[in-house]
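K.L.:
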Amino acid sequence: MKSLVGGPTATSFSTSFTAVDDQIEVQRVRPSNLIAAAAATWETTEQLIRDAGYDPALVVDGGPTSMI
3 MKSLVGGPTA
13 TSFSTSFTAV
23 DDQIEVQRVR
33 PSNLIAAAAA
43 TWETTEQLIR
53 DAGYDPALVV
63 DGGPTSMI
(Lines of atoms letter the chains of each structure in order from A; the text may use other names.)
(Lines give C-alpha, C1' and ligand atoms only; values in the text may rest on other atoms or scores of the structure.)
Protein backbone atom coordinates (compact mmCIF):
# COMPACT_ATOMS: atom_id res chain seq x y z
CA MET A 3 0.00 0.00 0.00
CA LYS A 4 2.76 2.45 0.92
CA SER A 5 4.28 2.07 -2.54
CA LEU A 6 0.95 3.12 -4.08
CA VAL A 7 0.31 6.23 -1.99
CA GLY A 8 3.93 7.26 -1.53
CA GLY A 9 3.50 8.09 2.15
CA PRO A 10 2.44 6.79 5.55
CA THR A 11 -0.37 4.27 5.66
CA ALA A 12 -2.74 2.70 8.17
CA THR A 13 -4.59 -0.60 8.09
CA SER A 14 -7.58 -1.38 10.28
CA PHE A 15 -9.05 -4.79 11.05
CA SER A 16 -12.49 -5.18 12.56
CA THR A 17 -13.17 -8.31 14.57
CA SER A 18 -16.94 -7.74 14.36
CA PHE A 19 -19.31 -8.67 11.60
CA THR A 20 -21.23 -6.06 9.64
CA ALA A 21 -24.46 -7.87 10.45
CA VAL A 22 -24.21 -6.73 14.09
CA ASP A 23 -23.14 -3.11 13.47
CA ASP A 24 -26.55 -1.84 14.57
CA GLN A 25 -25.95 -3.40 18.01
CA ILE A 26 -22.65 -1.59 18.76
CA GLU A 27 -24.25 1.28 20.69
CA VAL A 28 -26.12 -1.01 23.11
CA GLN A 29 -23.11 -3.13 24.09
CA ARG A 30 -21.73 -2.83 27.63
CA VAL A 31 -18.18 -2.69 26.24
CA ARG A 32 -17.45 -1.11 22.86
CA PRO A 33 -15.88 -3.50 20.34
CA SER A 34 -12.27 -2.96 19.34
CA ASN A 35 -10.78 -2.40 15.93
CA LEU A 36 -7.15 -3.50 15.45
CA ILE A 37 -4.84 -0.97 13.81
CA ALA A 38 -1.44 -1.26 12.18
CA ALA A 39 -0.50 2.37 11.56
CA ALA A 40 2.45 4.57 10.78
CA ALA A 41 2.85 7.25 13.44
CA ALA A 42 1.83 9.99 10.99
CA THR A 43 -1.58 8.38 10.40
CA TRP A 44 -2.49 7.38 13.97
CA GLU A 45 -4.52 10.47 14.92
CA THR A 46 -6.72 10.39 11.81
CA THR A 47 -7.15 6.61 11.91
CA GLU A 48 -8.08 6.69 15.60
CA GLN A 49 -10.73 9.35 15.02
CA LEU A 50 -12.30 7.47 12.10
CA ILE A 51 -12.54 4.30 14.18
CA ARG A 52 -14.06 6.13 17.17
CA ASP A 53 -16.57 7.83 14.85
CA ALA A 54 -17.65 4.36 13.69
CA GLY A 55 -18.35 3.33 17.31
CA TYR A 56 -15.26 1.23 17.99
CA ASP A 57 -12.31 1.56 20.35
CA PRO A 58 -8.99 1.53 18.49
CA ALA A 59 -6.38 -1.05 19.54
CA LEU A 60 -2.94 -0.24 18.16
CA VAL A 61 -0.97 -3.39 17.27
CA VAL A 62 1.91 -1.78 15.31
CA ASP A 63 3.20 1.66 16.23
CA GLY A 64 5.28 3.56 13.71
CA GLY A 65 6.66 0.48 12.00
CA PRO A 66 6.09 -0.54 8.42
CA THR A 67 2.47 -1.57 8.04
CA SER A 68 3.31 -3.53 4.92
CA MET A 69 4.50 -6.34 7.20
CA ILE A 70 0.91 -7.17 8.18
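Final position of the sequence shown in the working numbering is 70; the numbers increase by one with none missing.
Beta carbons: idealized from backbone N, C-alpha and C, even for Gly.
Just so it is clear, the structure is predicted and the values come from calculations on it, not from any experiment.
#1: Taking Cβ positions, are Pro33 and Glu48 nearer each other than 8 Å?
#2: Any idea what DSSP makes of Val61, helix, strand or coil?
#3: Classify Ala54 as helix, strand or coil using the three-state DSSP reduction.
#4: Indicate whether Ala12 and Ala54 have their beta-carbon atoms separated by less than 8 Å.
P.N.:
This is what the structure holds:
#1: no
#2: strand
#3: coil
#4: no
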